[in-house]
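Here's the structure we're looking at; comments come further down.
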Amino acid sequence: MKQRARVMSSGVYTYKHRCEGGVDIHDVYVKRSTFRVLFSYVGAAFLIANVLHALLSKERLCINSFWSILFSAIVTKCLQYKPVKKESLLIMPTFGVQLEETFGATFYSGRVHRQFVPIGKILKPLLNEQVTPVTCYWNLVLLLHGEDKLMCVFQNLYPPAKMMVPIWKSLCTFTNSGGTGHPIAPQPNVEHIHTDQDIH
Numbered sequence: 001m002k003q004r005a006r007v008m009s010s011g012v013y014t015y016k017h018r019c020e021g022g023v024d025i026h027d028v029y030v031k032r033s034t035f036r037v038l039f040s041y042v043g044a045a046f047l048i049a050n051v052l053h054a055l056l057s058k059e060r061l062c063i064n065s066f067w068s069i070l071f072s073a074i075v076t077k078c079l080q081y082k083p084v085k086k087e088s089l090l091i092m093p094t095f096g097v098q099l100e101e102t103f104g105a106t107f108y109s110g111r112v113h114r115q116f117v118p119i120g121k122i123l124k125p126l127l128n129e130q131v132t133p134v135t136c137y138w139n140l141v142l143l144l145h146g147e148d149k150l151m152c153v154f155q156n157l158y159p160p161a162k163m164m165v166p167i168w169k170s171l172c173t174f175t176n177s178g179g180t181g182h183p184i185a186p187q188p189n190v191e192h193i194h195t196d197q198d199i200h
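So the sequence shown is numbered by UniProt numbering: it starts at 1 and just counts up by one.
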């Protein structure tokens, strides 16, 4: 049975929630800037050109060549284009969850990478705050049996916290019921989560 999808948008991200055939599907889309894609390729070409010029030059590598290559690498990293246009979480009752990455705008366009996690391996879903030297953002992760590292539900996208909360609640409902029932999911304490942190 197919239900009408619920849609939420914030910045470059769009969240869609729907149920099809008993499967609970959560999709997060990102709108990529055409200029960002173009500049990412220009930056990569600039880096390759600088490296080749330094290696093929008859003169010895000097400090200027080093700084030129370093600057090109930094620019390329800042403009790096991630070809993933959609990430999805599929909750399959009695089975587990499936993570999907859909690629677009590159030679990988249309390719879908899937990863299945059985219900028996999931200990708990968590909303995890991640801090870097320049920013702070929230991510949805899975705590797994026998794993030292947390598994990120969204590997390439960074949707705002308000989009991840309903996904977190669905995962809590799913894991608390052992993957079969429909108990009331615990309410998240997200009063301190500000949606103006939608940085990515």
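A virtual CB, placed ideally from N, CA and C, is assigned to each residue, including glycine.
Rounded to whole angstroms, what is the Cα-Cα separation between residue i and residue j?
{"i": "Asp24", "j": "Gln98", "result": "10 Å"}
{"i": "residue 255", "j": "Arg111", "result": "One cannot answer for residue 255 here, as it falls past the ends of the chain, which runs 1 to 200."}
{"i": "Gln130", "j": "Val141", "result": "11 Å"}
{"i": "Glu87", "j": "Glu100", "result": "6 Å"}
{"i": "Gly22", "j": "Val134", "result": "41 Å"}
{"i": "Arg6", "j": "Ala45", "result": "41 Å"}
{"i": "Gln115", "j": "Ala49", "result": "37 Å"}
{"i": "His17", "j": "Cys172", "result": "16 Å"}
Do you know whose CA, among the options, lies nearest residue i's CA?
{"i": "Glu147", "options": "Val117, Glu87 and Trp138", "result": "Val117"}
Helix, strand or coil, according to DSSP, for residue i in the structure here?
{"i": "Lys124", "result": "strand"}
Taking residue i as part of the alpha helix (DSSP H), name the residues at either end of that continuous run.
{"i": "Asn139", "result": "Element bounds for Asn139: not the alpha helix (DSSP H) but the beta strand (DSSP E), Cys136 to Leu144."}
{"i": "Val165", "result": "Ala161 to Asn176"}
Just reading off the beta strand (DSSP E) that residue i is part of, what are its end residues?
{"i": "Gln115", "result": "Val112 to Pro118"}
{"i": "Leu149", "result": "Looking at the sequence shown, residue 149 is not Leu but Lys. From DSSP, Lys149 is part of no beta strand (DSSP E); its letter is neither H nor E."}
{"i": "Leu89", "result": "Val84 to Met92"}
{"i": "Leu99", "result": "Gly96 to Phe103"}
{"i": "Lys16", "result": "Tyr13 to Glu20"}
{"i": "Tyr158", "result": "First-last for Tyr158: undefined, no H or E at that position."}
Subject >> Any 3 or more C-beta pairs closer than 8 Å across the segment 158-178 and the segment 14-28 >> reply: Yes: at least three Cβ pairs fall under 8 Å.
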